[in-house]
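Here is the structure we will look at, set down as structure tokens.
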Amino acid sequence: MIVYFAYGSNLDKEQMQNRCPSSCFLCKALLENYKLAFTRKSTKRGGGVADIVESVGSRVWGVVYQLDERELELLDKREGYDPNRKKNMEKNCYIRKELTVCMDGYERKQIMAYAYQVQEPSSSHIPPSRKYLNQIISAAEFWGIDPEYIEELKSISVSCD
Numbered sequence: 001m002i003v004y005f006a007y008g009s010n011l012d013k014e015q016m017q018n019r020c021p022s023s024c025f026l027c028k029a030l031l032e033n034y035k036l037a038f039t040r041k042s043t044k045r046g047g048g049v050a051d052i053v054e055s056v057g058s059r060v061w062g063v064v065y066q067l068d069e070r071e072l073e074l075l076d077k078r079e080g081y082d083p084n085r086k087k088n089m090e091k092n093c094y095i096r097k098e099l100t101v102c103m104d105g106y107e108r109k110q111i112m113a114y115a116y117q118v119q120e121p122s123s124s125h126i127p128p129s130r131k132y133l134n135q136i137i138s139a140a141e142f143w144g145i146d147p148e149y150i151e152e153l154k155s156i157s158v159s160c161d
């Protein structure tokens with residue numbers, strides 16, 4: 001089984017079930033020394049889309065799902081990642097990294113999980129659409145993620161829809 005850390009719209013249980021039907025929620029998780037940012041523009045989403053950016057002392061809440069290998073390939077496709085692109089000089093939208101996350105936010109309960117990070121991030125904030133950000137907020141509330149973190153999400157500036 002593959003372990004995947006979701007922090008953006010893939011927090012949404014329904015979206016993950018549609019993308020990866022056999023995905024199974026494992027736990028809430030905390031990624032330390034990264035911050036949530038919106039560094040890539042998506043025409044489909046109508047604004048910036050979520051990314052994780054290294055930032056000492058910051059943290060990103062998300063959830064961990066278990067997937068099978070076939071579904072990881074499907075998720076790679078959805079996230080614009082192809083491990084073979086390096087060979088033919090095309091660029092990926094996201095790269096897949098293996099990171100250490102803290103299960104349920106406890107530092108002593110760590111697990112390695114895959115996560116996606118924007119390959120060529122913008123250096124400035126690209127405001128997400130209200131709809132996209134609300135999807136992330138609703139999913140965070142559904143999973144019972146830290147209320148303080150949810151308030152941070154609610155304070156993110158959005159694009160003019």
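Heads up: the sequence shown at position 2 corresponds to 2 in UniProt numbering, and the numbers run straight through without jumps. Beta carbons are placed, not taken as given, at the ideal position from N, Cα and C, and that holds for glycine.
Straight across, the Cα-Cα distance linking Pro-121 with Arg-108 is about 31 angstroms.
Contact between Gly-47 and Pro-147 is ruled out by a C-beta separation of about 25 angstroms, above the 8 angstroms threshold. Contact between the segment 63-72 and the segment 15-28 is present, with at least three C-beta pairs closer than 8 angstroms.
For a cut-off of 8 angstroms, the C-beta gap from Leu-30 to Gly-105 is around 4 angstroms, short enough to register as a contact. According to the DSSP secondary-structure assignment, Arg-40 is paired through a beta bridge with Val-49.
Non-local beta-carbon contacts of Val-53 in its own chain, meaning distances under 6 angstroms to residues more than five positions away in sequence, involve Lys-35, Ala-37 in chain order. Its chain contains no residue whose beta carbon lies nearer than 7 angstroms to that of Asn-84 once the 5 sequence neighbours on both sides are disregarded.
In the structure shown, Asn-84 adopts coil according to DSSP, grouped into three states.
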